[in-house]
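K.L.:
The structure under discussion is supplied below as structure tokens; questions concerning it will follow.
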Amino acid sequence: MTRTLRFAVAGLLGLALWQLAAGLWIPAKAALAQTLIERAWRAARAGTPEARPWPWADTWPVARLEAPAAGEKVYVLADASGRSLAFGPGHLAGTATPGTPGLSVIAAHRDTHFRFLRRLSAGDWLFVERADGARIAYRVTDMRIVDARTARIFDEIERPTLALVTCYPFDGLWPGTPLRYVVTAEAESVAR
4 MTRTLRFAVA
14 GLLGLALWQL
24 AAGLWIPAKA
34 ALAQTLIERA
44 WRAARAGTPE
54 ARPWPWADTW
64 PVARLEAPAA
74 GEKVYVLADA
84 SGRSLAFGPG
94 HLAGTATPGT
104 PGLSVIAAHR
114 DTHFRFLRRL
124 SAGDWLFVER
134 ADGARIAYRV
144 TDMRIVDART
154 ARIFDEIERP
164 TLALVTCYPF
174 DGLWPGTPLR
184 YVVTAEAESV
194 AR
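The sequence shown maps to residues 4 to 195 in our numbering.
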């Protein structure tokens, strides 16, 4: 093997390892964040307001979302800014608190915390536990793909309704498409 060929092979191997590490970074960060957020969630349930998962965090857990049919439990953060979504699902500011009249919107990335949405079906149960101890049971009523440039999911809704929103397609190669996958669920009960 010539020296030039060895350098080319070493360079390609190095590039492949770098790409692998970059691809694993986001899921690893998301998993570690959920562990720290779980600790903050326990503090929030014990009465600590705005219990931050790490000292410099600008968000805190406000709910825990469970999708039994998909075998998933995730903590929901206050606000759905890009900084929050890097660590977990976020409750969109200005939408209803889960379990209260109106539409509550929770958003997350398609390749981390909301990749399980593709496995949900109409009729599946979702459960949201708030920091105040209320537990809301929702039944999935609809799954649809919408264009974020033209869709309106914020129509006036009186009944407690949950919308889980993520980018689409799930296996897309490019981020930032205008398509969104929206799972809608209606509250069946609220328990304290």
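All C-beta atoms, glycine included, are put in the ideal place defined by N, C-alpha and C.
1. Would you mind listing the beta strand (DSSP E) stretches within the region 8-91 that are 3+ residues and don't spill past its ends, in chain order?
2. Is Gly-105 close to chain B? Criterion is C-beta to C-beta, closer than 9 Å.
3. Is the beta carbon of Gly-93 sitting closer than 9 Å to the one on Thr-62?
4. On a Cα-Cα basis, can you pick out the residue from Val-143, Val-185, Gly-74 and Val-79 that is closest to Ala-1?
5. Which word fits Ser-87, buried or exposed, when buried means at least 16 other C-beta atoms lie within 10 angstroms of its C-beta?
6. Can you tell me the Cα-Cα spacing of Trp-28 and Trp-59, whole angstroms?
7. Among Tyr-184, Asp-135 and Gly-102, which one has its Cα closest to the Cα of Phe-117?
8. Is Arg-113 closer than 9 Å to Leu-120 when the C-beta atoms are compared?
P.N.:
According to the structure shown:
1. 64-70 and 75-81
2. Absence of chain B from the displayed structure is noted, only one protein chain being present.
3. yes
4. One cannot answer for residue 1 here, as it falls past the ends of the chain, which runs 4 to 195.
5. buried
6. 20 Å
7. Tyr-184
8. yes
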